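Colleague: Got a structure for you, written out below as structure tokens; questions coming shortly.
Number of protein chains: 2
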Amino acid sequence: MKKNRVTITDIARELNISPSTVSRALKDHPALKRETKDAVKALAEKWDYQPNLLALSLLNRKSNTIGVIVPEITSHFFSAIITGIQDVVGKSDYNIMICLSNESYEEELILVKKLLNMQIDGVLVSPSSETDDFDHFRKLQKNGIPVVVFDRDCPGLEADKVLVDDYSGAFQAVEYLIDRGCKNIAHLGGPLNLSTTGHRLNGYLDALRKNNMPIRREHIVHVPGFSHKDGIKPAKKLFQLDNPPDAIFAMNDNIAISAMHVAKKMGLKIPEEISILGFDDEPHSSFFTPTLSTVWQPVYSIGMLSARILLSHLKNKDNQLKFRKEIFKPELVIRNSSK
Amino acid sequence: MKKNRVTITDIARELNISPSTVSRALKDHPALKRETKDAVKALAEKWDYQPNLLALSLLNRKSNTIGVIVPEITSHFFSAIITGIQDVVGKSDYNIMICLSNESYEEELILVKKLLNMQIDGVLVSPSSETDDFDHFRKLQKNGIPVVVFDRDCPGLEADKVLVDDYSGAFQAVEYLIDRGCKNIAHLGGPLNLSTTGHRLNGYLDALRKNNMPIRREHIVHVPGFSHKDGIKPAKKLFQLDNPPDAIFAMNDNIAISAMHVAKKMGLKIPEEISILGFDDEPHSSFFTPTLSTVWQPVYSIGMLSARILLSHLKNKDNQLKFRKEIFKPELVIRNSSK
DNA sequence: TTGTATGCGTTATCAC
DNA sequence: GTGATAACGCATACAA
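What follows is the structure, encoded as structure tokens:
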């Protein structure tokens, strides 16, 4: 039932002029008679002519579309980054195509292929937690498509990167706990082959080392995912140890919330008996009881900067050679879940 | 620096055959010599040929892309709906283009125009809270683009609709509060010209009426937005009344959380002195103290069904005439923030 | 079994 | 001032 859209040729035919004249009239070409222009514009208006961007893309060999690959969007973290991206890209003449990898390497491969086929002009990506091979991103680059990696690093991939100093965030958090007198600080870490997981773990370890605190293997537990339910079992495991921790540094706010939940259920007092510290500073985090101490990340800025870098490459095709690496500093936000 | 991608013509030239043969070989046309097919496929593989979807779209006059217009994605509500949409559409040969209106009518207009120009094949939309004129959606339909409206209704627009029975959700919630002995039930309502706001307000009012409870104008306050901060002032306003409420039915969980926050600060005991009930059942809601009673909506299903309906229209171009209207039943989830 | 011609909608280039 | 033509990459009806 699809009506044929009005094309430039339709208008040309009706007005007994050539399609090129119509095209020129619509673009206000200086060397056209006023009457012709007016007639074309009037009819275009009347018939509600809409230019076919597909034809233009094919002609110009660029789709004016940017692909954004993220693991998921239900967390505030990625949805806020995307909002930042959108706010920047929306002001340009590019569109964004948001793609969800569902934390799956397989799906990520398929998405990259699809974006390639769609003649996407550039890609912003935060790899899935399964991804540890980045050839699919290199393939994009080989096809002349600039790639900007954000939040989760792709070690070994040469590309623009907008990251957060997770190491520093973790270090600050753990050293703070130490300063406040915590002696047994446990860590609920993220899925293993994620750059952020490693950096936060290292920050945790180095903070302990620097302060001559013992590192206990059993105090480091990695959770399988990023949601509340993923934190319950690991938290219980920690509390049931012979030498249970007096503080927990969790890989994100969701997991921290799970840990608080478990601690409360077990009758532990927060922060008197157990300090809990998260990562991300989600909007809800200041509404829990006790309010959650956490590490804030500039999510919106991460999105904006990533988009800006990509757009700058898209404008000047020349300086593709030097890649930028921008690292945001996270900030400790102390509330009431820690001593 | 964009390298020219390999085209069907490149392969044809190399193999001294015609582009059409290459095209056929790639599609396993039955009437082709095995050798030719193999040679083409081998070279396509070797050169990593990628079909240009843009050219195909132009040829077929369909982009295989579905536009999704939502007010925002930072809330769990919309991001979960989108995840549902993606999970369905991802299994088809369509892609989705997610567009954020930022709750702005103006931006929504621009987005619709852009989607039209991009030759989008179908649209899934939840209108902005400012939108009360739907001609831009009718324009899509006039161009043969099926439109499915989800969650927020567009009164007067004839289109497929996937909604939630907000009235029933609100009615259940308020009647529950009445059953539990609440005498002064206030309502923190949403922005005014939103269908959901109206339906929830009506559910609230009817529950009061049915139970012969007085309706107090001053107990109905509309919040300006959907986030925590938007609820603080309105909640304070309610508590400072001469006859403060003993229960609050809030338009969403965020606002309910704000109200809990304010109540606690004022030293009110929840639920003994004040019952609080939200709407949405966000993942965090069972982790607040007290855990939040709320109305659950099948967010993921809303997304999936909307996508399925749109896809079915896209497959069979015929039955565009009768529009479906699907209404999900929300469910009351009682936790500890209500008596 | 394969090649040729055509068209999808637009614009740049050259011609008149 | 305006028209004709070619080109973007692909698929297909029609020829051969």
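First to last, the sequence lines map onto chains A and B.
Start counting the first sequence at 1; every next residue gets the next number (UniProt numbering).
Start counting the second sequence at 1; every next residue gets the next number (UniProt numbering).
For each residue, glycine too, the CB sits at the ideal point set by N, CA and C.
Note that the structure is predicted; figures quoted are calculated from it, not measured.
#1: So for A:Glu326, helix, strand or coil by DSSP?
#2: If contact means a Cβ-Cβ distance below 8 Å, which residues of the UniProt domain "HTH lacI-type" (6-60) of chain A contact chain B?
#3: For B:Glu158 and B:Ser128, which I take to be in contact (beta-carbon distance under 8 Å), what is that distance rounded to the nearest angstrom?
#4: Where A:Leu32 and A:Ala25 are concerned, what is the direct C-alpha to C-alpha distance, given to the nearest angstrom?
#5: According to DSSP, A:His187 sits in a beta bridge with which residue or residues?
#6: Against B:Ala80, what residues of chain A qualify as contacts under a CB-to-CB distance less than 8 Å, listed in chain order?
#7: Could you tell me the alpha carbon to alpha carbon distance between A:Lys2 and A:Asp48, rounded to whole angstroms?
#8: Would you say A:His228 and A:Asn254 are within 7 Å of each other, going by their C-beta atoms?
#9: Mind checking which residues open and close the alpha helix (DSSP H) that includes A:Arg178?
#10: Please tell me whether B:Leu109 and B:His136 are closer than 7 Å, where the distance is taken between their beta carbons.
#11: Let me confirm a value: B:Ile215 is counted as buried when at least 16 other C-beta atoms fall within 10 Å, else exposed. Which label applies?
#12: Quick one, which residues of the segment 260-283 of chain B are near chain A if we go by CB-CB under 9 Å, in chain order?
#13: Judging by CA-CA distance, which residue of A:Glu107, A:Ile81 and A:Asn95 is the nearest neighbour of B:Gln86?
#14: Pop quiz: A:Asp166 and A:His199 are said to be a contact at Cβ under 8 Å. What is the actual Cβ separation, rounded to whole angstroms?
#15: Can you check whether the C-beta of B:Phe150 is within less than 7 Å of a C-beta belonging to chain A?
#16: Specify, as a first and last residue, the run of the beta strand (DSSP E) that B:Glu331 falls within.
#17: Run through DSSP, which three-state label would A:Gly203 get?
#18: Counting C-beta neighbours from all protein chains within 10 Å, is the total for B:Asp179 16 or more, i.e. buried, or is it exposed?
#19: Answer yes or no: does any C-beta atom of chain B fall closer than 7 Å to that of A:Gln141?
#20: Which residues in chain A sit within 8 Å of B:Ser227, going by Cβ to Cβ distance?
#21: Can you name the residues of chain A whose CB is closer than 8 Å to the CB of B:Met117?
#22: At which residues does the beta strand (DSSP E) containing A:Val295 begin and terminate?
#23: Taking all protein chains shown into account, do 16 or more other C-beta atoms lie within 10 angstroms of the C-beta of B:Arg152, making it buried, or fewer, making it exposed?
#24: Is there at least one Cβ from chain B nearer than 7 Å to A:Met97's Cβ?
#25: Are the CB atoms of A:Ala173 and A:Leu238 nearer to each other than 7 Å?
#26: Within 10 angstroms of the Cβ of B:Ser126, are there 16 or more other Cβ atoms? Answer buried if so, exposed if not.
#27: Which residue from B:Pro290, B:Ala263, B:Ala186 and B:Asp280 puts its Cα closest to that of B:His219?
#28: Which residues bound the alpha helix (DSSP H) around B:Phe82?
#29: Return helix, strand or coil for A:Leu163, following the three-state DSSP convention.
#30: Would you grab the beta carbon distance between A:Val147 and A:Leu140 for me? Rounded to a whole angstrom, and I think it's under 8 Å.
#31: In or out: A:Glu272 buried (at least 16 other Cβ within 10 Å) or exposed?
#32: For the beta strand (DSSP E) that B:Met118 lies in, which residues bound it at each end?
#33: Suppose contacts are defined by Cβ-Cβ distances below 7 Å. Is A:Ile81 in contact with A:Gly303 by that definition?
#34: Grouping DSSP H, G and I as helix and E and B as strand, with all else coil, what is B:Ser23?
#35: Output yes if chain B places a C-beta closer than 7 Å to the C-beta of A:Gln86; else output no.
#36: Using a cut-off of 9 Å between C-beta atoms, extract the partners of B:Leu100 located in chain A.
Modeller: On the basis of the supplied data:
#1: A:Glu326 falls in the strand class under three-state DSSP.
#2: So the close ones are Asp48, Gln50, Pro51, Asn52, Leu53, Leu54, Ala55, Ser57 and Leu58.
#3: About 20 Å; that fails the 8 Å criterion.
#4: Straight-line spacing of the CA atoms in A:Leu32 and A:Ala25 works out to 7 Å.
#5: A:His187 is bridged by DSSP to A:Ile220 and A:Phe249.
#6: Neighbours of B:Ala80 on chain A, chain order: Thr74.
#7: Interpretation of A:Lys2 is limited by its pLDDT of 45, a score under 50 that renders its predicted location unreliable; the figure taken from the coordinates is listed afterwards. Rounded to the nearest angstrom, the two C-alpha atoms are 16 Å apart.
#8: Yes, Cβ-Cβ distance for A:His228 and A:Asn254 is below 7 Å.
#9: The sequence shown places Ile at residue 178 of chain A, not Arg. Note, A:Ile178: alpha helix (DSSP H), Asp166 to Asp179.
#10: Yes, they are a contact pair.
#11: Result: exposed.
#12: From the segment 260-283 of chain B, only Met260, His261, Lys264, Glu282 and Pro283 have a Cβ closer than 9 Å to chain A.
#13: Closest by C-alpha distance to B:Gln86, out of A:Glu107, A:Ile81 and A:Asn95, is A:Glu107.
#14: 4 Å between Cβ atoms; contact.
#15: No, because no Cβ of chain A sits closer than 7 Å to the Cβ of B:Phe150.
#16: B:Glu331 -> beta strand (DSSP E) spans Glu331 to Val333.
#17: Of the three classes helix, strand and coil, the one that applies to A:Gly203 here is helix, per DSSP.
#18: Looking at its Cβ environment, which holds fewer than 16 other Cβ atoms inside 10 Å, B:Asp179 is exposed.
#19: Closer than 7 Å: no.
#20: Neighbours of B:Ser227 on chain A, chain order: Pro283.
#21: Residue 117 of chain B is actually Asn in this sequence, not Met. One finds Gln50, Pro51, Asn52 and Leu53 in chain A with Cβ atoms closer than 8 Å to the Cβ of B:Asn117, taken in chain order.
#22: Looking at the DSSP string, the run of the beta strand (DSSP E) that includes A:Val295 is Thr294 to Trp296.
#23: By the 10 Å Cβ count, B:Arg152 comes out buried.
#24: Answer yes: the Cβ-Cβ gap between A:Met97 and chain B drops below 7 Å somewhere.
#25: Not closer than 7 Å, so no.
#26: Burial is judged here by how many other beta carbons sit within 10 angstroms of a residue's own beta carbon; B:Ser126 has at least 16 and is buried.
#27: Ranking the options by Cα distance to B:His219, first place goes to B:Ala186.
#28: With the sequence shown as reference, residue 82 of chain B is identified as Ile, and Phe is not the correct amino acid for it. Boundaries of the alpha helix (DSSP H) harbouring B:Ile82: His76 to Val89, taken from the DSSP string.
#29: Looking at A:Leu163 - three-state DSSP - the assignment turns out to be strand.
#30: Rounded, the Cβ-Cβ distance is 5 Å, consistent with contact.
#31: By the neighbour-count rule (16 or more Cβ atoms within 10 Å), A:Glu272 is not buried but exposed.
#32: Looking at the DSSP string, B:Met118 is not in any beta strand (DSSP E), and its letter there is neither H nor E.
#33: Remark: C-beta atoms of A:Ile81 and A:Gly303 approach each other more closely than 7 Å.
#34: Correct three-state label for B:Ser23: helix.
#35: Answer yes: the Cβ-Cβ gap between A:Gln86 and chain B drops below 7 Å somewhere.
#36: Chain A residues near B:Leu100: Ile82, Thr83, Gln86, Asp87 and Gly90.
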